[in-house]
Amino acid sequence: MLAALAALIMANTPLRSVYALLIETPVQIRIGALDIAKPLLLWINDGLMAVFFLLVGLELKREVVEGHLSNLRTATLPAFAAVGGMFVPALVFTAFNRQDPVAMQGWAISSATDIAFALGILSLLGPRVPPALKAFLLSVAIFDDLGAIVIIAAFYTSDLSTRALAVAGVCLIGLGVLNRARVRDLAPYMLIGAIMWTAVLRSGVHATLAGVALAAFIPMRRGGGEDYCPLRDLEHRLHPRVAFGVLPVFALANAAVPLGGMALSDVLRPLPLGIACGLVLGKLIGVVGASGVAVAARVASLPEGVRWPHVVGAALLSGVGFTMSLFITALAFEQGASGIPDLARLGVLTGSVVSGLAGYVVLKAVLPSDAADEA
0 MLAALAALIM ANTPLRSVYA LLIETPVQIR IGALDIAKPL LLWINDGLMA
50 VFFLLVGLEL KREVVEGHLS NLRTATLPAF AAVGGMFVPA LVFTAFNRQD
100 PVAMQGWAIS SATDIAFALG ILSLLGPRVP PALKAFLLSV AIFDDLGAIV
150 IIAAFYTSDL STRALAVAGV CLIGLGVLNR ARVRDLAPYM LIGAIMWTAV
200 LRSGVHATLA GVALAAFIPM RRGGGEDYCP LRDLEHRLHP RVAFGVLPVF
250 ALANAAVPLG GMALSDVLRP LPLGIACGLV LGKLIGVVGA SGVAVAARVA
300 SLPEGVRWPH VVGAALLSGV GFTMSLFITA LAFEQGASGI PDLARLGVLT
350 GSVVSGLAGY VVLKAVLPSD AADEA
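At position 105 of the sequence shown the residue is numbered 104 (numbering that gives the first Met the number 0), and the sequence of numbers has no breaks.
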């Protein structure tokens, strides 16, 4: 949040020229015939965010294998909620922007949820939060990120290079061999993962997907009577680096919205309004509505200790798209007309702030106070 605020300050003060010079600094890595040259902004969006998606993939695998998503009954409700929380915001966005083909490139922006920010706001309520509610929000966010990965792969992929994809495929086979051979040293996985990231970057598929693919092959099994778990060890190492490194740097590079020349009425323009309403209203209606359908159809039930007002609060928090929404904005409007990306980022910031505040207020009102717990 502080990094996003710093980006806004720099974008709207004389520091804007320094800021622009920084994120547009050309960075080049060349090894023989391999030459990767990109401005710093794209190294952040393609490189650092691959580390973020690696962590998301590790969390997803752990939850599926032995966590909240390992049981079909407990996984059904958040799965329904996540689908509704992606589908309805896209419909809300489309209702505002269906006449504008350029703006429609951003239809998926309001479907995203920022795990770190949503859970961070929930943690402000402390021990009053039922563990099952935290697990529900975490599961919804993980399913949401899985859906975002599919959307990125299917809709935000440029011209494909079959040669680069073939190299990436060989890397996947190599990772599979390491996993089947029960190799528990992380070094060979990281080496092949780096090669795969380079290949995916050159393939036209967004490079962040290499992080998710790598996570799928990191072993969880413990062997030889030892407690060491490679996946948990890597997840433990990455958490502070992503939370206090990757995400703030990404926010600093992508949240700079120049407000000069903008008026309050600009928030009411179709693009930012569609994104903001998608995050606030779309997520609320989608998550609560899909959860209600799942419970009414008796394919799922509310977790123990969780009531419908709690689900409403969690649905609002899932509208904090922030990092993920900004990321999809960068993909959708990478070649967008001047001003379009800024309007989209304005919608993301507005919708995320409103959703976060509304979710906090609702949950603070409906969760029991410490005094009530003691009584």
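By construction, the Cβ of each residue, glycine as well, lies at the ideal position given by its N, Cα and C atoms.
L230: member of the alpha helix (DSSP H) spanning P229 to R240, first to last residue.
Excluding five sequence positions before and after A3, the CB atoms of its chain that fall closer than 7 Å to its own CB belong to A250 and A254, given in chain order. Non-local beta-carbon contacts of R231 in its own chain, meaning distances under 8 Å to residues more than five positions away in sequence, involve R61 and M219 in chain order.
In terms of CA proximity to S110, A140 leads the group R97, F95, A140 and D99. P130 counts as exposed, since fewer than 16 other C-beta atoms from the protein chains shown sit within 10 angstroms of its C-beta.
Here the segment 97-114 makes contact with the segment 308-323; the two share three or more CB pairs at distances below 8 Å. Residue pairing of Q27 in beta bridges, as defined by DSSP: A36. In terms of Cβ geometry, A242 and N44 do not form a close pair [threshold 7 Å]. Between the alpha carbons of L145 and V266 lies a distance of about 29 Å. Going by DSSP, G105 is part of no alpha helix (DSSP H) at all; its letter is neither H nor E.
The beta carbon of H205 lies closer than 8 Å to those of D45, I151, A152, Y155, T156, V199 and L330 in the same chain, with the five residues before and after it left out. Between the beta-carbon of L39 and that of I22 there is about 5 Å, and that keeps the pair under the 8 Å contact cut.
Between the alpha carbons of L68 and S138 lies a gap of roughly 7 Å. In the structure shown, P367 falls within a coil segment according to DSSP collapsed to helix, strand and coil.
With contacts defined as CB atoms closer than 7 Å, L272 and F95 qualify as a contacting pair. When the five nearest sequence neighbours on each side are left out, the beta carbons in the same chain lying within less than 7 Å of the beta carbon of V256 are those of L7, A10, D341, R344, L345 and L348, in order along the chain. A direct Cα-to-Cα measurement between L283 and L270 gives close to 19 Å. At a cut-off of 4 residues, the continuous stretches assigned as alpha helix (DSSP H) that sit fully inside the segment 257-324 are 269-276, 282-295 and 307-316. In the assembly as shown, P100 is an exposed residue. Its beta-carbon has fewer than 16 other beta-carbons within 10 Å. Collapsing the DSSP output to three states places Y188 in a helix. In this structure, DSSP gives D341 a helical state, which the three-state scheme calls helix. Counting along the chain, T75 sits inside the alpha helix (DSSP H) bounded by residues L71 to N96.
Spatial neighbours of L57 in its own chain (CB-CB distance under 8 Å, excluding positions within 5 residues in sequence) are listed in chain order as A214, I217, L230, L233, E234 and L237. Around the Cβ of P13, a 10 Å sphere holds fewer than 16 other Cβ atoms; the residue is exposed.
The closest CA to that of M189, considering only V211, G203, S202 and A32, is found on V211. DSSP places I217 outside any alpha helix (DSSP H), giving it a letter other than H or E. Spatial neighbours of V245 in its own chain (CB-CB distance under 8 Å, excluding positions within 5 residues in sequence) are listed in chain order as L47, M48, V50 and F51. Positions of the beta strand (DSSP E) runs, each at least 3 residues long and wholly inside the segment 103-134, cannot be given because no such run exists.
Going by DSSP, M48 is part of the alpha helix (DSSP H) stretching over M48 to E65. At least 7 Å separates the beta-carbon of G84 from that of G355.
By the neighbour-count criterion, in which a residue is buried when 16 or more other Cβ atoms sit within 10 angstroms of its Cβ, D34 is exposed.
Comparing alpha-carbon positions, the option among G304, V298 and L278 lying closest to V353 turns out to be L278.
Counting the other Cβ atoms within 10 Å of the Cβ of R297 gives fewer than 16, which makes it exposed.
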